[in-house]
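K.L.:
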Amino acid sequence: MIPSSQSENLGKTARQMERLVNLSVTLNSTLDPDRLLRFIIETAADLLECEAASILLYDEKRGELFFTSAVGTDQQKLAEIPVPIEGSIAGTIFTQNRPLVINDVEKDPRHYTQVGEQIQFRPRSLLGVPMRIREKVTGVLEALNKRDGGFDDADVQILSVIASQAAVAINNARLVQALQRAYDELSRLDKLKSDFLAIASHELRTPLGVVLGYATFLQEEAQGEISEHAKVVLASALRMRSIIESMTNLNLLQMMTVKLDLKTAAIQQILKSVCDELMPTAKAKCQMLTLEAPDEQLMVKADIEKLEQVFKNLLNNAIRFTPEGGEITFNASLIHGEVWVKIKDNGIGIPKNELENIFKEFYQVESHMTRRHGGLGVGLSIAKGIVELLGGRIWAESEGQGKGSTFTVVLPKYSG
Ligand code: ADP
12 MIPSSQSENL
22 GKTARQMERL
32 VNLSVTLNST
42 LDPDRLLRFI
52 IETAADLLEC
62 EAASILLYDE
72 KRGELFFTSA
82 VGTDQQKLAE
92 IPVPIEGSIA
102 GTIFTQNRPL
112 VINDVEKDPR
122 HYTQVGEQIQ
132 FRPRSLLGVP
142 MRIREKVTGV
152 LEALNKRDGG
162 FDDADVQILS
172 VIASQAAVAI
182 NNARLVQALQ
192 RAYDELSRLD
202 KLKSDFLAIA
212 SHELRTPLGV
222 VLGYATFLQE
232 EAQGEISEHA
242 KVVLASALRM
252 RSIIESMTNL
262 NLLQMMTVKL
272 DLKTAAIQQI
282 LKSVCDELMP
292 TAKAKCQMLT
302 LEAPDEQLMV
312 KADIEKLEQV
322 FKNLLNNAIR
332 FTPEGGEITF
342 NASLIHGEVW
352 VKIKDNGIGI
362 PKNELENIFK
372 EFYQVESHMT
382 RRHGGLGVGL
392 SIAKGIVELL
402 GGRIWAESEG
412 QGKGSTFTVV
422 LPKYSG
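Okay, so the sequence shown: first residue is 12 according to my numbering, each after it adds one.
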């Protein structure tokens with residue numbers, strides 16, 4: 012039979028272990044630093060059967076320790092009292108990086124009396140352990156005034172376990188807070204950028220409308236050289252309008268405020284209209300543009316204008332990134348009940364590690380400084396946004412630089 016005192020001790024140890032396990036579960040599931048700190052010191056005071064417990068964290072800028080949480084004493088007042096590293100028990104534990112048990116605090120020369128005086132708390136016994144993150148001491152966990160007798164080795168072990176778990180949990184909570192702050196700041200900047208794009212494109216549209224109007228008028232009314240000049244102005248103004256439209260579309264897609272005007276149409280008809288529109292540009296570079304599609308009409312339900320924009324962006328890129336005399340093929344087919352459109356070129360190709368990046372807004376493989384191909388870097392992100400809104404998917408393939416590229420758009424087939 013186990014003697015009753017031994018069985019009491021066993022029972023106590025089991026309860027302590029259970030509390031430690033609970034503590035670890037809570038620390039792993041809580042990210043609110045204040046709640047974490049409170050829970051740590053409440054558990055510490057409870058398990059060690061003492062009157063008060065506190066956590067002091069090191070402030071690197073000021074080179075002092077600060078009470079961040081306490082039970083059994085006036086927490087608010089404590090928070091205002093810095094504890095120096097030199098001439099304090101907590102400072103000694105911090106610099107020596109090891110636990111300290113003092114069973115008569117007031118007689119200890121390292122005792123920093125100001126704290127007790129200001130909050131009217133008389134410390135008798137104290138156990139303090141360092142809190143470490145990867146061997147670096149970040150603070151001190153203290154338990155004060157053991158109710159029954161003095162602190163012993165078992166208390167040191169328990170508090171050390173709590174301190175090591177607490178240090179990691181506090182560090183994680185701080186990292187999450189820092190991440191949250193960075194995320195909030197990024198969201199703020201993103202909103203600023205969206206607002207700027209919206210305002211800039213809106214403000215540019217009115218004067219551009221005037222330029223377009225007068226250039227059209229001049230081109231039609233004027234004679235000879237002047238009409239030719241007006242034609243150049245008109246072409247540039249139209250290019251500007253398309254850039255502004257891209258910026259507006261991108262903004263609307265990002266803010267999820269795009270309105271779709273869904274209609275049914277054959278993919279063949281959409282691709283033909285895009286090919287017809289861009290054929291002169293391809294011809295100007297002596298490129299061969301071919302459209303391959305089955306006789307059976309492949310119907311899709313989509314915002315036709317926006318879907319045309321997708322294929323225009325892809326074909327425009329194929330033309331721009333393929334040298335003179337190159338070949339571009341548009342191919343539509345039915346695969347597993349879906350409509351597949353492939354735009355294949357034999358142009359400059361795309362490095363494998365860039366195949367996903369190119370769909371990010373403002374992303375271009377060539378840096379802005381060395382680019383020879385112009386463009387805003389938004390065509391593919393607009394295409395991806397629209398295709399996904401229409402329930403489809405889009406991706407790029409390339410064997411690498413100089414080996415051409417293939418863009419695939421898959422859309423649900425409409426079957427009435
Ligand atoms: P932009 O063409 O205005 O730069 P896009 O979003 O349309 O913007 O394209 C992003 C980048 O993807 C391009 O700058 C280019 O580096 C790459 N890219 C797109 N299409 C092709 C293509 N057919 N061949 C090679 N590179 C391409």
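Beta carbons are placed, not taken as given, at the ideal position from N, Cα and C, and that holds for glycine.
Where N328 and M251 are concerned, what is the direct C-alpha to C-alpha distance, given to the nearest angstrom?
P.N.:
For the purposes of this step, residue 328 is identified with residue 317 of the sequence shown, where counting begins at 1. For the purposes of this step, residue 251 is identified with residue 240 of the sequence shown, where counting begins at 1. About 17 angstroms.
K.L.:
Can you give me the start and stop residues for the beta strand (DSSP E) that I461 sits inside?
P.N.:
Outside the displayed range of the chain (12 to 427) lies residue 461, so it cannot be described from this structure.
K.L.:
Using 8 angstroms as the threshold, is the C-beta distance between K270 and I315 below it?
P.N.:
Here residue 270 refers to the residue found at position 259 of the sequence shown. Here residue 315 refers to the residue found at position 304 of the sequence shown. Cβ distance not < 8 angstroms, so K270 and I315 don't count as in contact.
K.L.:
My understanding is that S205 touches N262, with C-beta atoms under 8 angstroms, so please give their C-beta distance in whole angstroms.
P.N.:
Position 194 of the sequence shown, counted from the start, is the residue given in the question as residue 205. Position 251 of the sequence shown, counted from the start, is the residue given in the question as residue 262. So it is a contact: roughly 6 angstroms between Cβ atoms.
K.L.:
Would a C-beta distance cut-off of 8 angstroms place I237 and N324 closer than the cut-off?
P.N.:
Residue mapping note: residue 237 aligns to position 226 of the sequence shown, counting from 1. Residue mapping note: residue 324 aligns to position 313 of the sequence shown, counting from 1. No, they are not a contact pair.
K.L.:
Using a Cβ-Cβ cutoff of less than 6 angstroms, which residues in the same chain neighbour L38 once the five nearest sequence positions on both sides are dropped?
P.N.:
Within the sequence shown, the letter at position 27 stands for residue 38. If we look at L38 and ignore the five residues flanking it on each side, its Cβ neighbours are Q176, A180.
K.L.:
Mind checking who D356 pairs with in its DSSP beta bridge?
P.N.:
Residue 356 sits at position 345 when you count from the first residue of the sequence shown. Beta-bridge pairing links D356 to I339, S416.
K.L.:
Taking 8 angstroms as the threshold (C-beta atoms), are L318 and I369 in contact?
P.N.:
Translated into the one-based positions of the sequence shown, residue 369 becomes position 358. Translated into the one-based positions of the sequence shown, residue 318 becomes position 307. No. Outside cutoff.
K.L.:
Which of the three DSSP states is assigned to A304 in this structure?
P.N.:
Against the sequence shown, residue 304 aligns to sequence position 293. The answer is coil: DSSP assigns A304 none of H, G, I, E or B.
K.L.:
Here's the rule: buried if 16 or more other CB atoms are within 10 angstroms of the residue's CB, otherwise exposed. What is T333?
P.N.:
Locating residue 333 in the sequence shown gives position 322, counting from the first residue. By the neighbour-count rule (16 or more Cβ atoms within 10 Å), T333 is buried.
K.L.:
With distance defined between alpha-carbon atoms, name the residue in Q320, V321, L326, A313 nearest to T433.
P.N.:
Given that the chain is displayed from residue 12 to residue 427, the structure contains no residue 433 and the question cannot be resolved.
K.L.:
I'd like the list of long-range same chain contacts for L249, defined as Cβ closer than 8 angstroms, with 5 residues on each side in sequence excluded.
P.N.:
Taking the first residue of the sequence shown as position 1, residue 249 is located at position 238. These residues qualify, in order along the chain: L223.
K.L.:
Evaluate Y69 with the Cβ neighbour count: other Cβ atoms within 10 Å of its Cβ, from every protein chain shown; 16 or more gives buried, anything less gives exposed.
P.N.:
Residue numbering aside, residue 69 sits at position 58 when the sequence shown is read from its first letter. With 16 or more Cβ atoms within 10 Å of its Cβ, Y69 is classed as buried.
K.L.:
Beta-carbon separation of L67 and A184 under 8 angstroms?
P.N.:
Taking the first residue of the sequence shown as 1, we reach residue 67 at position 56. Taking the first residue of the sequence shown as 1, we reach residue 184 at position 173. Result no, Cβ atoms of L67 and A184 do not sit closer than 8 angstroms.
K.L.:
Have a look at F228, L229, L208 and flag the residue whose alpha-carbon is nearest the alpha-carbon of I254.
P.N.:
The residue labelled residue 254 in the question sits at position 243 within the sequence shown. Checking every option, the nearest Cα to that of I254 belongs to L208.
K.L.:
Closest to F61 by C-alpha separation, out of E307, D166, P95, E214, would be which residue?
P.N.:
Residue 61 sits at position 50 when you count from the first residue of the sequence shown. Rather than Phe, the amino acid found at residue 61 in this sequence is Cys. Cα-wise, what sits closest to C61 is D166.
K.L.:
For L58, count neighbouring C-beta atoms within 10 Å of its own C-beta (all shown protein chains included) and say buried if the count is 16 or more, exposed if not.
P.N.:
Looking up residue 58 in the sequence shown gives position 47. Classification for L58: buried.
K.L.:
To the nearest angstrom, how far is the alpha carbon of Y194 from that of N182?
P.N.:
Residue mapping note: residue 194 aligns to position 183 of the sequence shown, counting from 1. Residue mapping note: residue 182 aligns to position 171 of the sequence shown, counting from 1. In a straight line, the C-alpha of Y194 is about 18 angstroms away from that of N182.
K.L.:
Which residues mark the beginning and the end of the alpha helix (DSSP H) in which R192 is found?
P.N.:
Taking the sequence shown and counting its residues from 1, the one referred to as residue 192 is at position 181. Annotation: the continuous alpha helix (DSSP H) that includes R192 extends over 164-232.
K.L.:
Go to F322, then tell me how far its beta strand (DSSP E) extends in each direction, as first and last residue.
P.N.:
Within the sequence shown, numbered from 1, the residue matching residue 322 stands at position 311. Run containing F322: none in the beta strand (DSSP E); it sits in the alpha helix (DSSP H), 315-331.
K.L.:
To the nearest angstrom, how far is the alpha carbon of I113 from that of A64?
P.N.:
The residue you call residue 113 lines up with position 102 of the sequence shown. The residue you call residue 64 lines up with position 53 of the sequence shown. Rounded to the nearest angstrom, the two C-alpha atoms are 14 angstroms apart.
K.L.:
Just list the beta strand (DSSP E) runs in the region 83-142, keeping only unbroken ones of 3 residues or longer that don't cross its boundaries, in chain order.
P.N.:
93-95, 111-113
K.L.:
Exposed or buried, which one is G150 when buried takes at least 16 other CB atoms within 10 Å?
P.N.:
Translated into positions along the sequence shown, residue 150 becomes position 139. Classification for G150: buried.
K.L.:
Is M290 helix, strand or coil when you go by DSSP?
P.N.:
Numbered from 1 along the sequence shown, position 279 holds the residue referred to as residue 290. If DSSP states are grouped into helix, strand and coil, M290 belongs with the helices.
K.L.:
Tell me whether E75 sits in a helix, a strand or coil according to DSSP, three-state version.
P.N.:
Taking the sequence shown and counting its residues from 1, one reaches residue 75 at position 64. In the structure shown, E75 sits in a strand (DSSP, three-state: E or B).
K.L.:
What is the rounded straight-line gap between the Cα of I359 and the Cα of E338?
P.N.:
One-based indexing of the sequence shown puts residue 359 at position 348. One-based indexing of the sequence shown puts residue 338 at position 327. Their Cα atoms are separated by approximately 12 angstroms.
K.L.:
Excluding sequence positions up to five away, which residues of its chain have a Cβ less than 8 angstroms from the Cβ of S171?
P.N.:
Taking the sequence shown and counting its residues from 1, one reaches residue 171 at position 160. Answer for S171: P110, V140, listed in chain order.
K.L.:
In this structure, what does DSSP give as the bridge partners for E60?
P.N.:
Numbered from its first residue, the sequence shown carries residue 60 at position 49. Answer is none; E60 lacks a bridge partner.
K.L.:
To the nearest angstrom, how far is the alpha carbon of F162 from that of A55?
P.N.:
By one-based count along the sequence shown, residue 162 stands at place 151. By one-based count along the sequence shown, residue 55 stands at place 44. So the two alpha carbons sit approximately 13 angstroms from each other.
K.L.:
May I ask which residues mark the beginning and end of the alpha helix (DSSP H) holding S15?
P.N.:
As a working mapping, residue 15 is identified with position 4 in the sequence shown. Looking at the DSSP string, the run of the alpha helix (DSSP H) that includes S15 is 15-40.
K.L.:
Please confirm whether any heavy atom of the ligand ADP lies closer than 7 angstroms to the CB of A329.
P.N.:
In the sequence shown, the residue the question calls residue 329 occupies position 318. Checking every heavy atom of the ligand ADP against the Cβ of A329, one is found closer than 7 angstroms.
K.L.:
Suppose you measure from the CA of A277 to the CA of E196; what does that come to, to the nearest Å?
P.N.:
In the sequence shown, counting from the first residue as 1, residue 277 sits at position 266. In the sequence shown, counting from the first residue as 1, residue 196 sits at position 185. A277 and E196: Cα-Cα distance of roughly 45 angstroms.
K.L.:
Taking its Cβ as the centre, do 16 or more other Cβ atoms sit within 10 Å of Q320, making it buried, or is it exposed?
P.N.:
By one-based count along the sequence shown, residue 320 stands at place 309. Buried is the call here.
K.L.:
Restricting to Cα atoms, I'd like to know which of L138, K363, T124, A304 is closest to G413.
P.N.:
Here residue 413 refers to the residue found at position 402 of the sequence shown. Measuring from the Cα of G413, the nearest candidate turns out to be K363.
K.L.:
With the cut-off set at 8 angstroms, would you say I130 and D85 are in Cβ contact?
P.N.:
Numbered from its first residue, the sequence shown carries residue 130 at position 119. Numbered from its first residue, the sequence shown carries residue 85 at position 74. Yes; because the gap between Cβ atoms is below 8 angstroms, this pair is in contact.
K.L.:
I'd like to check one pair, G415 with N357: are the Cβ atoms closer than 8 angstroms?
P.N.:
The residue given as residue 357 occupies position 346 in the sequence shown. The residue given as residue 415 occupies position 404 in the sequence shown. Taking 8 angstroms as the Cβ cut-off, N357 and G415 qualify as a contacting pair.
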